[in-house]
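Trainee: Can you read through this structure? Questions will come right after.
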Amino acid sequence: MTRKEDFQMNFFIKYWYRFSTVIFILMVIWMIVFRPQFDKTQLLLIFNLMALFEHQFEEYQFPGGAPMIINRVVYDEKQLPDRYPGNSLSICLVNTSAWVIYLISIIFSNVYWLGLGVILFSLFQILGHALEMNIKLHTWYNPGLATTLLLFLPLGWYFISYLTRNGLINGYDWLFAVLMLLACIVITIVLPVQSLKNRQTKYPIDEWQVRRYKQVINFAQIGK
Numbered sequence: 003m004t005r006k007e008d009f010q011m012n013f014f015i016k017y018w019y020r021f022s023t024v025i026f027i028l029m030v031i032w033m034i035v036f037r038p039q040f041d042k043t044q045l046l047l048i049f050n051l052m053a054l055f056e057h058q059f060e061e062y063q064f065p066g067g068a069p070m071i072i073n074r075v076v077y078d079e080k081q082l083p084d085r086y087p088g089n090s091l092s093i094c095l096v097n098t099s100a101w102v103i104y105l106i107s108i109i110f111s112n113v114y115w116l117g118l119g120v121i122l123f124s125l126f127q128i129l130g131h132a133l134e135m136n137i138k139l140h141t142w143y144n145p146g147l148a149t150t151l152l153l154f155l156p157l158g159w160y161f162i163s164y165l166t167r168n169g170l171i172n173g174y175d176w177l178f179a180v181l182m183l184l185a186c187i188v189i190t191i192v193l194p195v196q197s198l199k200n201r202q203t204k205y206p207i208d209e210w211q212v213r214r215y216k217q218v219i220n221f222a223q224i225g226k
């Protein structure tokens, strides 16, 4: 790998969430200018992908600080939360692999259990952001909470109600959707983090994220 390629790779690993923000803006412009026609389920799944981009923006850019929270809360790491078990490389793979899965659900939007499984994965964020993180951190807010409640929750509720109201899913679809949810968790969360965890990693979490974490916790702490 050349020095230029190494720089480009490290830049993407460190700032991948800025690329998703650009993609989000381009998608908004594309939909406003060209007004493409989609069926209802496909349109909702496109909105789900856009909500994911906004969710990642909240977690990693404004206010940011999510990587530290994940290591401290989800994995209960107290010694090296700035690099273990999640590090910049695994966090990049966790989030960009989700782009692929969400895109696949859009392409195959007529496979309802697939889209439902991805929607359930979006709703799965409620457990982490609205409950686990706030309870363990004694906070009323954490990066990702706003988009979870304001985007993922209403979008997921509407998607599920639309499918059930129109008789588009049955018990087998729900079964496969739950299996898809589990697959999403394993593929986009468990595998990247567990396979790349290393206390001596050369991809520590950026110091800016560490500072943001401290600022957010200080701002949202209950009973401080």
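Letter by letter, the sequence shown follows residues 3 to 226 of this note's numbering.
By construction, the Cβ of each residue, glycine as well, lies at the ideal position given by its N, Cα and C atoms.
This structure is a prediction, so every number in the text was calculated from the model and none was measured.
May I ask which residues mark the beginning and end of the alpha helix (DSSP H) holding ASN89?
Mentor: Taking the sequence shown and counting its residues from 1, the one referred to as residue 89 is at position 87. Counting along the chain, ASN89 falls outside any alpha helix (DSSP H), and DSSP gives it neither H nor E.
Trainee: For the region 71-86 and the region 157-165, state whether three or more C-beta atom pairs, one from each stretch, are separated by less than 8 Å.
Mentor: Result no; under three Cβ-Cβ pairs closer than 8 Å.
Trainee: Could you tell me whether the Cβ of THR203 comes closer than 8 Å to any Cβ of chain D?
Mentor: Reference to chain D is not applicable here, since this structure consists of a single protein chain.
Trainee: Provide the residue span of the alpha helix (DSSP H) that contains LEU125, from first to last.
Mentor: Numbered from its first residue, the sequence shown carries residue 125 at position 123. Residues 114-125.
Trainee: Have a look at PRO65 and VAL218 and give me their C-alpha separation to the nearest angstrom.
Mentor: As a first step, residue 65 is located in the sequence shown; it is residue number 63 there, counting from the start. As a first step, residue 218 is located in the sequence shown; it is residue number 216 there, counting from the start. Going from the Cα of PRO65 to the Cα of VAL218 covers about 7 Å.
Trainee: DSSP beta-bridge partners for THR141?
Mentor: The count along the sequence shown starts at 1 and reaches residue 141 at position 139. In the DSSP output, where bridge partners are listed per residue, THR141 has GLN223.
Trainee: Determine whether the beta carbon atoms of LEU91 and TYR205 lie at a separation below 8 Å.
Mentor: The residue given as residue 91 occupies position 89 in the sequence shown. The residue given as residue 205 occupies position 203 in the sequence shown. Contact flag set, yes.
Trainee: So, does the region 23-31 touch the region 50-64, judging by three or more C-beta pairs under 8 Å?
Mentor: Taking 8 Å as the limit for Cβ pairs, the verdict is that the region 50-64 does touch the region 23-31.
Trainee: Would you mind working out which of VAL35, GLY225 and ASP8 sits nearest ASN136, comparing C-alpha positions?
Mentor: Sequence index remark: in the sequence shown, residue 136 carries index 134 (1-based). Ranking VAL35, GLY225 and ASP8 by Cα distance to ASN136 puts GLY225 first.
Trainee: Using only CA atoms, which one of PHE9, LEU139, LEU198 and LEU170 lies nearest to TYR215?
Mentor: Position 213 of the sequence shown, counted from the start, is the residue given in the question as residue 215. Ranking the options by Cα distance to TYR215, first place goes to LEU139.
Trainee: Please report the straight-line C-alpha distance between TYR77 and PHE221, rounded to a whole angstrom.
Mentor: As a working note, residue 77 is residue 75 in the sequence shown. As a working note, residue 221 is residue 219 in the sequence shown. C-alpha separation (whole angstroms): 23 Å.
Trainee: Quick check on DSSP: helix, strand or coil for THR4?
Mentor: In the sequence shown, residue 4 corresponds to position 2, counting from 1. Coil.
Trainee: Where PHE178 and LEU45 are concerned, what is the direct C-alpha to C-alpha distance, given to the nearest angstrom?
Mentor: Locating residue 178 in the sequence shown gives position 176, where the first residue counts as 1. Locating residue 45 in the sequence shown gives position 43, where the first residue counts as 1. Looking at the two C-alpha atoms, the distance is approximately 21 Å.
Trainee: Could you work out which residue in ALA148, TRP210, ARG201 and VAL188 is closest to LEU95 when comparing CA atoms only?
Mentor: Within the sequence shown, numbered from 1, the residue matching residue 95 stands at position 93. That would be VAL188, whose Cα lies nearest to the Cα of LEU95.
Trainee: For GLN58, count neighbouring Cβ atoms within 10 angstroms of its own Cβ and tell me buried if that reaches 16, exposed if not.
Mentor: Working through the sequence shown from its first residue, we reach residue 58 at position 56. Buried, since its Cβ has 16 or more Cβ neighbours within 10 Å.
Trainee: By Cβ distance below 7 Å, which residues in the same chain neighbour GLU60 in space, the five residues on each side in sequence not counted?
Mentor: Position 58 of the sequence shown holds residue 60. For GLU60, where only same-chain residues beyond five positions count, the Cβ hits under 7 Å are PRO145, GLY146, ALA148 and THR149.
Trainee: In this structure, does DSSP put ASN172 in helix, strand or coil?
Mentor: The residue you call residue 172 lines up with position 170 of the sequence shown. Three-state result, ASN172: coil.
Trainee: Starting from the C-beta of GLU56, find all residues in its chain whose C-beta is less than 7 Å away, skip the five residues before and the five after it, and write them out in chain order.
Mentor: Reading the sequence shown from its first residue, position 54 is the one you call residue 56. Excluding residues within five positions, the ones whose Cβ falls inside 7 Å are PHE26, THR149 and LEU153.
Trainee: Is it buried or exposed for ARG201, if we count other Cβ within 10 angstroms and need 16 for buried?
Mentor: For the purposes of this step, residue 201 is taken as the residue at position 199 of the sequence shown. ARG201 is exposed by the Cβ-count criterion.
Trainee: Do LEU47 and GLY119 count as a contact pair if the criterion is CB distance below 8 Å?
Mentor: On the sequence shown, position 117 is the one that residue 119 refers to. On the sequence shown, position 45 is the one that residue 47 refers to. Taking 8 Å as the Cβ cut-off, GLY119 and LEU47 do not qualify as a contacting pair.
Trainee: My guess is that GLY67 and GLN211 are in contact by the Cβ rule of under 8 Å, so how many angstroms apart are they, rounded?
Mentor: Taking the first residue of the sequence shown as 1, we reach residue 67 at position 65. Taking the first residue of the sequence shown as 1, we reach residue 211 at position 209. Correct: roughly 6 Å between the Cβ atoms.
Trainee: Buried or exposed for PHE14, going by 16 or more other Cβ atoms inside 10 Å?
Mentor: In the sequence shown, counting from the first residue as 1, residue 14 sits at position 12. Under this definition PHE14 is an exposed residue.
Trainee: Given that a residue counts as buried once 16 or more other Cβ atoms are within 10 Å of its Cβ, and exposed if not, what is ILE109?
Mentor: What you label residue 109 is simply residue 107 of the sequence shown in a count that begins at 1. With fewer than 16 Cβ atoms within 10 Å of its Cβ, ILE109 is classed as exposed.
Trainee: Report all residues from its chain with a CB closer than 7 Å to the CB of GLN223; omit the five preceding and five following residues, and keep chain order.
Mentor: Along the sequence shown, read from residue 1 onward, the residue named residue 223 stands at position 221. The residues are HIS140 and THR141.
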